[in-house]
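Read the sequence shown against the UniProt record's numbering and you will find it ends at 711, with the numbers running on by one and no gaps. All C-beta atoms in this analysis are idealised placements derived from N, C-alpha and C, irrespective of residue type, glycine included. Owing to the predicted nature of the structure, the values given are computational and were not obtained by experimental measurement. One structure below.
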Amino acid sequence: AIDPALGATRTTCPYCGVGCGVLATPDNNGGAAIAGDPEHPANFGRLCSKGSALGETLGLEDRLLYPMIRCSKGTMERIAWSDALDHVAHRFAHIVKRDGPGAVAFYLSGQLLTEDYYVANKLMKGFIGSANVDTNSRLCMASSVAGHRRAFGADTVPGCYEDLDAADLLVLVGSNAAWCHPVLFQRMLANKQARGARMVVIDPRRTDTAGDADLFLGLKPGTDTALFSGLLVALADSGALDSDYIAHHTSGFDEALARAKSIAGSVGATALATGLSEQEVADFFQMFKSSPRVVTLYSQGVNQSAQGTDKVNAIINCHLATGRIGKPGASPFSLTGQPNAMGGREVGGLANQLAAHMAFTPPDIDRVRRFWKAPRIATHEGLKAVQMFEAIAKGEIKALWVMGTNPAVSLPDADAARAALKKLELFVVSENVLSNDTVNAGVHVLLPAQAWGEKSGTVTNSERRISRQRAFLRAPGETKPDWWIVGEVAKRLGFGPAFDFKSAAEVFREHAALSAFENGGGRDFDIGALTSLSDEEFDELTPVMWPIRAGDSAPQQRFFANGGFFANDHRARFIAPEIPALRSETTAGRPLRLNTGRIRDQWHTMTRSGTSPRLGQHLPEPFVEIHPDDAIRYGVDDDSFARVTTDYGQCTLKVAVSERQQRGMLFAPIHWSEATASTARVGALVAPITDPFSGQPENKATPASIVPY
Ligand code: SF4
């Protein structure tokens, strides 16, 4: 864990899903020097601007250092840990007894460590008996999870980062990887440079990523399914299918092809549906057909959609149809946004999953019930994020515990989410900071959690690689690990024996043992080989991919090159997607569509990255990007202020006139909040429209208007 030669602690970056290894050398004054870990296989020593500025974000300004409770005068007052925990447990128990387990909920975060996630999920699903435990990862990659499960029978990422080095064609769909997964993007560029790999970027917005593309396809929003349906038809028409693979390892191909033909049966029809030229479409199809080694990477532009799951499956269909899956340099590849979105998926942090990738099916429920000795285990799926906050607004959920996330900024229709929080009978937040928009929405109990650099456990990155996050700073004040906080409440609820964890290592061993329980049940997620790690071995754990089953000498790097899917018949499913259509309409009053996303140097709601002066220099203030023709049409000038309005809210933003934007589209970054800039809480503008399979909201196409301010 500590490299004696360097005096540095090996840990992992807390920002994006690339999961870069970091060397942190404390300065014994509360700070640390930060460098990339040359031995970590995610980054081999490289860090992006956010990772390299981590040392600037370690101060204690605005930190929450001890528990606080809202007293009768309405102010927040300091309280002892034992009293805070007693209060939370007592109030949860009272509400569950009075209104049933469905009246309480946890809302978690892809920033939590796997051990935190595991204990929270175990308490809510296993012992309180409700599956109302969801996570901000629902806003990030839930459509990929649903797409994987529909196609593969499990939430399995088939490829690995080495595929990006080996691919001859890299197709990025709805991904600004140059800004959002920078170290991985550099790896792709290195492949371009060293091996001549080609890159296609598919995005309504001409991002920095598009600047390095051999072919940029600026398609109309919401038409990805049409493009990949057209590709499936073109592959079939030109004899580019892998008929053996389709026959031996899949089902549903004919239906999917028939649907694809009805969506985009030719190059011309695809061009018409997507707004691309026939030449652009034909060039892309030819590049895909002629490159046996293709990796298609997709991110929020695909996932954050009311048809996100169908888009994921339309992409996977093309890889299955050509056998381009699980082979070196050939795979569909979901880029996860957050550092531990994958770890959350592994422990059942989503309301529609059980732990260890198990589902709410009778055999899986029974298996987890027996393992946890949890007779009251939840027996059906809980409410997904957007539904959860709607249930809070309706008074159906009365107690909520938010851990490490800021839903009053990040949820769609964030004003409604914030108003819902104010209705709660019990509103608990575990946080690093004293104040943010969620805390300021009427929290009743504030619990101080350890932050990055202080806490210890594991995270899993986009390629299924589990890495250690290690503490290298003394935990300040009375801050505690999240797994400890949840465990202490569980003990006070009367579930002591099941939550008697002394360390993150103990939690991890139980998580590993559950994954391998009854021989892993034939599932994809099985880390049985890590079940008996000693505390020392856990501390020294080097980055390792899953699965690594008991007895395995090495992890399995890829899946499905020779079939072996996780459905009962071991076949993959081709999915016939719905006809692509945005679920909202533009009108005379809302003639534009608002796309939201990230900028290069900020992270989420800026509670950490916003403290770095260096990161603040890149794009220092909230803005809205608009095409020059639209700027003229709507009378807004570059660098002036404008008001952007949707049916859900409005923001005042600086105008950035740019050819990167399509006509008819606006782009605004998600990071600012009332805590950082009072007029730019962009989540308040986003429609709470969700995908029917994944529950993921459509953050990319809300009807909007713009006027000069
Ligand atoms: Fe951190 Fe992601 Fe940058 Fe790597 S690429 S340093 S994980 S933000």
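In the DSSP output, what is Val203 paired with across the bridge? In the sequence shown, the residue the question calls residue 203 occupies position 201. Answer is Leu174 and Phe218.
Can you find the residues in the same chain that come closer than 6 Å, C-beta to C-beta, to Ser458, ignoring five residues on each side of it along the sequence? In the sequence shown, the residue the question calls residue 458 occupies position 456. Within the same chain, Ser458 has close Cβ partners Arg472, Ala473 and Ala506.
What's the call for His446, buried or exposed, on a 16-neighbour Cβ count within 10 Å? Within the sequence shown, numbered from 1, the residue matching residue 446 stands at position 444. Burial call: buried.
Extent of the continuous beta strand (DSSP E) to which Cys142 belongs: Your numbering for residue 142 matches position 140 in the sequence shown. That residue, Cys142, is in no beta strand (DSSP E); it is neither H nor E in DSSP.
If you count every other CB in all the chains shown that lies within 10 Å of the CB of Thr252, and 16 or more means buried, which is it? As a working note, residue 252 is residue 250 in the sequence shown. Thr252 should be labelled buried.
Please classify Ile318 as buried or exposed, where buried requires at least 16 neighbouring CB atoms within 10 angstroms. Locating residue 318 in the sequence shown gives position 316, where the first residue counts as 1. When all chains shown are included, Ile318 counts as buried.
Any heavy atom of the ligand SF4 closer than 7 Å to the beta-carbon of Cys18? The residue given as residue 18 occupies position 16 in the sequence shown. Yes, the ligand SF4 has a heavy atom inside 7 Å of this Cβ.
Local conformation of Leu428 per DSSP, three classes: To locate residue 428, count along the sequence shown from 1; it is residue 426. Three-state result, Leu428: strand.
If contact is defined by three or more beta carbon pairs under 8 Å, each pair taking one atom from either stretch, is the segment 533-550 in contact with the segment 189-200? no
Which of helix, strand or coil DSSP assigns to Ile318: In the sequence shown, the residue the question calls residue 318 occupies position 316. Ile318 falls in the helix class under three-state DSSP.
Is there at least one non-hydrogen atom of the ligand SF4 closer than 7 Å to the beta-carbon of Leu49? In the sequence shown, the residue the question calls residue 49 occupies position 47. Yes, since a heavy atom of the ligand SF4 falls inside the 7 Å radius drawn around the Cβ of Leu49.
Ile581, DSSP secondary structure in three states: Residue numbering aside, residue 581 sits at position 579 when the sequence shown is read from its first letter. Three-state result, Ile581: coil.
Might you give, ordered along the chain, the residues of its own chain that have their beta carbon closer than 6 Å to the beta carbon of Ser301, omitting 5 neighbours on each side? As a position in the sequence shown, residue 301 is number 299, starting the count at 1. The residues are Gly176, Ser177 and Leu337.
Do the CB positions of Val135 and Leu115 come within less than 8 Å of each other? Mapped onto the sequence shown, residue 135 falls at position 133. Mapped onto the sequence shown, residue 115 falls at position 113. Cβ atoms of Val135 and Leu115: not closer than 8 Å.
Does the beta carbon of Pro53 fall short of 7 Å from some heavy atom of the ligand SF4? As a first step, residue 53 must be located in the sequence shown, where it is residue number 51. Looking at the sequence shown, residue 53 is not Pro but Gly. Within the cutoff, so yes.
What whole-angstrom Cβ distance do Gln604 and Leu617 have, given they're in contact under 8 Å? Within the sequence shown, residue 604 is the residue found at index 602, counting from 1. Within the sequence shown, residue 617 is the residue found at index 615, counting from 1. The pair is a contact, with the Cβ atoms about 6 Å apart (cut-off 8 Å).
Quick check: is any heavy atom of the ligand SF4 less than 7 Å from the C-beta of Asn45? One-based indexing of the sequence shown puts residue 45 at position 43. The answer is yes for Asn45.
Measure from the alpha carbon of Val638 to the alpha carbon of each residue in Pro699, Leu655 and Phe501, then state which is nearest. In the sequence shown, residue 638 corresponds to position 636, counting from 1. It is Leu655 whose Cα lies nearest to the Cα of Val638.
Would you say Cys15 touches the ligand SF4, meaning its beta carbon is less than 7 Å from a heavy atom? The count along the sequence shown starts at 1 and reaches residue 15 at position 13. Result yes, Cβ under 7 Å from the ligand SF4.
Among residues of its own chain, excluding the 5 on either side of Ala308, which ones have a beta-carbon nearer than 6 Å to its beta-carbon? Walking along the sequence shown from the start, residue 308 turns up at place 306. Answer for Ala308: Arg585, Ile691, Asp693 and Glu700, listed in chain order.
Just how far apart, CA to CA, sit Pro582 and Ser145? For the purposes of this step, residue 582 is identified with residue 580 of the sequence shown, where counting begins at 1. For the purposes of this step, residue 145 is identified with residue 143 of the sequence shown, where counting begins at 1. Distance between the alpha carbons of Pro582 and Ser145: 15 Å.
Contact check, Pro28 vs Ala37, beta carbons under 8 Å: As a position in the sequence shown, residue 28 is number 26, starting the count at 1. As a position in the sequence shown, residue 37 is number 35, starting the count at 1. Not closer than 8 Å, so no.
Option in Ser245, Arg208, Val202 and Gly303 with minimal Cα separation from Thr227: The residue you call residue 227 lines up with position 225 of the sequence shown. It is Gly303.
Tyr636 in three-state terms, based on DSSP: In the sequence shown, residue 636 corresponds to position 634, counting from 1. DSSP places Tyr636 in helix when its eight states are reduced to three.
Option nearest Tyr636 by Cα separation, candidates Arg261, Leu243 and Val657: For the purposes of this step, residue 636 is identified with residue 634 of the sequence shown, where counting begins at 1. Closest by alpha carbon: Val657.
Would you call the segment 422-442 in contact with the segment 382-398, where contact means no fewer than 3 C-beta pairs closer than 8 Å? yes
So Met190 packs on Leu217, CB below 8 Å; how close in whole Å? For the purposes of this step, residue 190 is taken as the residue at position 188 of the sequence shown. For the purposes of this step, residue 217 is taken as the residue at position 215 of the sequence shown. In fact, because the Cβ distance is near 14 Å, the residues do not count as touching under 8 Å.
Proximity test, Val185 beta-carbon vs the ligand SF4 heavy atom, cut-off 7 Å: Walking along the sequence shown from the start, residue 185 turns up at place 183. Val185 Cβ: within cutoff of the ligand SF4.
Give the straight-line distance between the Cα atoms of Gly455 and Pro615, rounded to the nearest whole angstrom. Stepping through the sequence shown from its first residue, residue 455 is reached at position 453. Stepping through the sequence shown from its first residue, residue 615 is reached at position 613. Cα-Cα distance, rounded: 19 Å.
For the ligand SF4, is there a heavy atom less than 7 Å away from the beta-carbon of Cys22? Position 20 of the sequence shown holds residue 22. Cys22 Cβ: within cutoff of the ligand SF4.
May I ask you to list the residues that DSSP assigns as paired with Leu495? In the sequence shown, counting from the first residue as 1, residue 495 sits at position 493. Partner(s): none; Leu495 has no beta bridge.
Beta-bridge pairing of Ser469 - partner residues as DSSP gives them: Numbered from 1 along the sequence shown, position 467 holds the residue referred to as residue 469. Ser469 pairs with Val461.
Can you check which of these residues, Glu508, Ala514 and Ala677, is closest to Val411 by C-alpha distance? To locate residue 411, count along the sequence shown from 1; it is residue 409. The candidate whose alpha carbon is nearest that of Val411 is Ala677.
Beta-bridge pairing of Asp136 - partner residues as DSSP gives them: Looking up residue 136 in the sequence shown gives position 134. DSSP output for Asp136 lists Tyr109 as bridge partner(s).
First and last residue of the alpha helix (DSSP H) that includes Thr272? On the sequence shown, position 270 is the one that residue 272 refers to. Counting along the chain, the alpha helix (DSSP H) containing Thr272 begins and ends at Val269 to Thr276.
Relative to the C-alpha of Ala105, which residue among Arg93, Gly112 and Gly346 is closest? Numbered from 1 along the sequence shown, position 103 holds the residue referred to as residue 105. If we check each option's Cα against that of Ala105, Arg93 comes out closest.
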